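Reading through the structure tokens given below for one structure.
2 protein chains.
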Amino acid sequence: MGIELYYWPGLQGRGEFVRLALEEAGLAYTDVARDPDGGMDAMMAAMDDPAVVHPPFAPPFLRDGKILVGQTAAILMHLGAHHGLAPRDEAGRLWTHQIQLTIADLVAEAHDTHHPVDAGTYYADQKKEALRRAAAFRTQRMPKFLGWFETILDRNPDGPAHLVSGAVTYADLSLFQAVEGLRYAFPHAVGRVLKRAPHVAALARAVARRPRIKAYLASERRVAFNTDGVFRHYPELDDPV
Amino acid sequence: MGIELYYWPGLQGRGEFVRLALEEAGLAYTDVARDPDGGMDAMMAAMDDPAVVHPPFAPPFLRDGKILVGQTAAILMHLGAHHGLAPRDEAGRLWTHQIQLTIADLVAEAHDTHHPVDAGTYYADQKKEALRRAAAFRTQRMPKFLGWFETILDRNPDGPAHLVSGAVTYADLSLFQAVEGLRYAFPHAVGRVLKRAPHVAALARAVARRPRIKAYLASERRVAFNTDGVFRHYPELDDPV
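Heads up: the protein sequence lines correspond to chains C and P, in order. Per the working numbering, residue 41 is the first one in the first sequence, and the count goes up by one each step. Per the working numbering, residue 41 is the first one in the second sequence, and the count goes up by one each step.
In structure tokens, the structure reads:
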């Protein structure tokens, strides 16, 4: 049985960070909830199965042989260790994971720009609060996060082409995805911030050109960004033009 | 040179999850920002040192020999692997970490109950929004999180006394701290929810009785909960009495 990814169909969301790693590693996988032989029923059955000893809290989760693992960063740590997307030494792996956790924080804060007070109701029900949270995100948090990524790229002893060492890791792929998401959600604000983060912008361009990623992005496996995902484009939440 | 913990003085915050692991492991450590020979200047100097190749994004961070590591969950993964607070096998370590990441999500959401729209301004400036976010947290999110912890304790093949295997891990310590924080911040709401999570309540009691934890909690090293930390008691954010 090959690798199975379980994630909500119809949106990129947090599952997309896992898809990018699976694609870059060249692994065969089934995207269960989107598969004709699977679907949402199969995903919910896997999540709610009372016989599962390690049930995930929420999608995404991944089945890889005997391992069933949830939490995006934990899934990536597993894939990184077994499929060449992280350094072999322990210190390098820890640093890669530390970066991933910081990307996860950025992603969670980007999500909360459109759902600041209740993840269980619609954006329209919290639009006023969203305007305020998005302003703080655009002016304070996004520059701080992207500034930190720029700093660590600048300090990488192996050069600024990668976050860790001189080779691609899952952290590079995730930073690409975060930048793409911010570009979709906040095109004006991120353009302003990326001018001061040229290494980050260059890394995102380089990841998009990697042969397997390029092929993936052009395929029907890549869901388009939309307003069901973590990153959502609501023009009123971006910088005023 | 011994282990150095860097975290904001005067509050428990995310640093407390690291302190509990250091204490349970019986490790000698310096809490730099609270140390007479250190202080905030020493912490900021360590964080902003341009010679640091792996700078942390934010406190807490830990220096352990040559390792400088930030992000609470990454710090705990490091301590768990080297100081007996995680299983030895890879699958057990990954599961422990997956649980920790879910605790981290709970903690982040607990924080956002009092800072739903702008982490850079005061609670008083977002009290109306906080009332709404706290209601969603108490009624939807807290029961979902604590329910998941109850489920995985119930399914642990080694029994419900520990989250992972039959021994204490950093995840047990962190769940104790999360429960303590929720008890401080939302005493009425958490009492209601814990009635349906008896394994979680029992685990928290058992951790508090562990000799090193008990000694730590009674020492001056344990900062009291207060309204500067992640968990804050504002009666208006709890269940109406």
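The beta-carbon is built from N, C-alpha and C at its ideal position, and this holds for glycine as well. The model shown is predicted, which means the values in this text are computed figures rather than measured ones.
Does any CB atom of chain P fall closer than 8 Å to the CB of residue i?
i         : result
C:Gly-50  : no
C:Gly-269 : no
C:Ala-192 : Residue identity differs from the one stated: residue 192 of chain C is Ile in this sequence, not Ala. Output row for C:Ile-192: interface = yes.
C:Pro-197 : yes
C:Gln-180 : yes
Can you pull the chain P residues whose beta carbon is under 8 Å from the beta carbon of residue i, in chain order?
i         : result
C:Arg-38  : Residue coverage of chain C in this structure runs from 41 to 281, which leaves residue 38 of chain C outside it and unanswerable.
C:Ala-114 : Leu-134, His-137, Gln-138, Leu-141
Using the beta-carbon of each residue, which ones in chain P are nearer than 7 Å to residue i?
i         : result
C:Val-109 : Leu-134, Gln-138
C:Ala-131 : Ile-107
C:Ala-148 : Ala-148
Chain C beta carbons: is any one of them nearer than 8 Å to that of residue i?
i         : result
P:His-118 : yes
P:Glu-169 : yes
P:Thr-142 : yes
P:Ala-61  : no
In the DSSP assignment, what residue or residues form a beta bridge with residue i?
i         : result
C:Leu-45  : C:Asp-71, C:Leu-102
P:Leu-108 : P:Arg-103
For residue i, which residues in chain C fall below 9 Å Cβ to Cβ?
i        : result
P:Leu-67 : Correct list: empty, because the minimum Cβ distance to chain C is about 18 Å.
Measuring only the C-alpha atoms, how far is residue i from residue j?
i         : j         : result
C:Leu-125 : C:Ala-211 : 9 Å
P:Met-182 : P:Arg-173 : 12 Å
P:Arg-195 : P:Phe-97  : 36 Å
P:Glu-260 : P:Met-117 : 26 Å
C:Met-87  : P:Gly-160 : 37 Å
C:Leu-51  : P:Gly-78  : 48 Å
C:Arg-178 : C:Val-230 : 8 Å
P:Leu-193 : P:Ala-61  : 20 Å
C:Tyr-163 : P:Arg-133 : 38 Å
C:Ala-170 : C:Leu-222 : 16 Å
P:Val-239 : P:Ala-201 : Reading off the sequence, residue 239 of chain P comes out as His, not Val. Looking at the two C-alpha atoms, the distance is approximately 7 Å.
P:Thr-209 : P:Leu-141 : 14 Å
P:Lys-184 : P:Tyr-47  : 30 Å
C:Leu-243 : C:Phe-216 : 7 Å
C:Glu-44  : C:Ala-255 : 20 Å
P:Phe-226 : P:Lys-235 : 14 Å
C:Ala-207 : C:Ala-68  : 22 Å
C:Arg-252 : C:Val-270 : 24 Å
C:Gly-53  : C:His-154 : 14 Å
P:Ala-82  : P:Ala-237 : 42 Å
P:Asp-89  : C:Thr-191 : 12 Å
P:Ala-144 : C:Arg-249 : 34 Å
C:Ala-264 : P:Asp-75  : 51 Å
C:Asn-266 : C:Tyr-224 : 9 Å
C:Arg-103 : C:Asp-158 : 30 Å
C:Gly-199 : C:Ala-175 : 33 Å
P:Val-311 : P:Leu-108 : The question about residue 311 of chain P has no answer here: the residues shown for chain P are numbered 41 through 281.
C:Ser-205 : C:Pro-197 : 7 Å
List, in order along the chain, the chain P residues whose C-beta lies closer than 9 Å to that of residue i?
i         : result
C:Ala-176 : Val-157, Asp-158, Ala-159, Gly-160, Thr-161
> Using a beta-carbon distance cut-off of less than 7 Å, what residues from the segment 76–96 of chain P approach chain C?
Replying inline: Answer set for the segment 76–96 of chain P: Val-93, His-94, Pro-95.
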